[in-house]
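Student:
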Amino acid sequence: MCLAIPGKIISIEGEDPILRTGKVSFGGIVKEVNLSFVPEAKVDDYVLVHVGMAISTIDEEEAHKVFEYLKEMDELQDLEDES
Numbered sequence: 007m008c009l010a011i012p013g014k015i016i017s018i019e020g021e022d023p024i025l026r027t028g029k030v031s032f033g034g035i036v037k038e039v040n041l042s043f044v045p046e047a048k049v050d051d052y053v054l055v056h057v058g059m060a061i062s063t064i065d066e067e068e069a070h071k072v073f074e075y076l077k078e079m080d081e082l083q084d085l086e087d088e089s
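Printed below as a string of structure tokens:
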């Protein structure tokens, strides 16, 4: 199953909208993510990430809800195994 995982942007690198990347925290696990699909995203925003690409911004409440659903479904194991 393919899922988009919520994460919080903790830093952003690059000015070019196509090449912009960010460090995103997924409950303490930090990954580098491509931000080209969310040019409006800024540090401290929450984004949904699928295969290394932020695909949309979401509010903090929604991010926490999705993260809790994933924990309940035990879908976060794959993310933890990759780190």
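Sequential numbering of the sequence shown, starting at 7, is according to this note's numbering. Ideal Cβ positions, reconstructed from N, Cα and C, are used throughout, including at glycine.
Using 8 Å for Cβ pairs, my map puts residue 12 next to residue 41. What's the rounded Cβ distance?
Tutor: Start at 1 with the first residue of the sequence shown, and residue 12 comes out as number 6. Start at 1 with the first residue of the sequence shown, and residue 41 comes out as number 35. So it is not a contact: roughly 15 Å between Cβ atoms.
Student: When the Cα atoms are used, what is the spatial distance from residue 32 to residue 23?
Tutor: Translated into positions along the sequence shown, residue 32 becomes position 26. Translated into positions along the sequence shown, residue 23 becomes position 17. Rounded to the nearest whole angstrom, the CA to CA distance from residue 32 to residue 23 is 23 Å.
Student: In its own chain, which residues sit with a C-beta less than 7 Å from the C-beta of residue 45, not counting the 5 before and 5 after it?
Tutor: Within the sequence shown, numbered from 1, the residue matching residue 45 stands at position 39. Excluding the 5 residues flanking it on each side, residue 45 has same chain C-beta neighbours closer than 7 Å at 23, in chain order.
Student: Under DSSP, the alpha helix (DSSP H) around residue 60 begins and ends at which residues?
Tutor: Start at 1 with the first residue of the sequence shown, and residue 60 comes out as number 54. Unbroken run through residue 60 is the beta strand (DSSP E), 59-64; no alpha helix (DSSP H).
Student: Under a Cβ-count criterion, where at least 16 other Cβ atoms within 10 Å of its own Cβ denotes burial, should residue 25 be classed as buried or exposed?
Tutor: Position 19 of the sequence shown, counted from the start, is the residue given in the question as residue 25. Looking at its Cβ environment, which holds fewer than 16 other Cβ atoms inside 10 Å, residue 25 is exposed.
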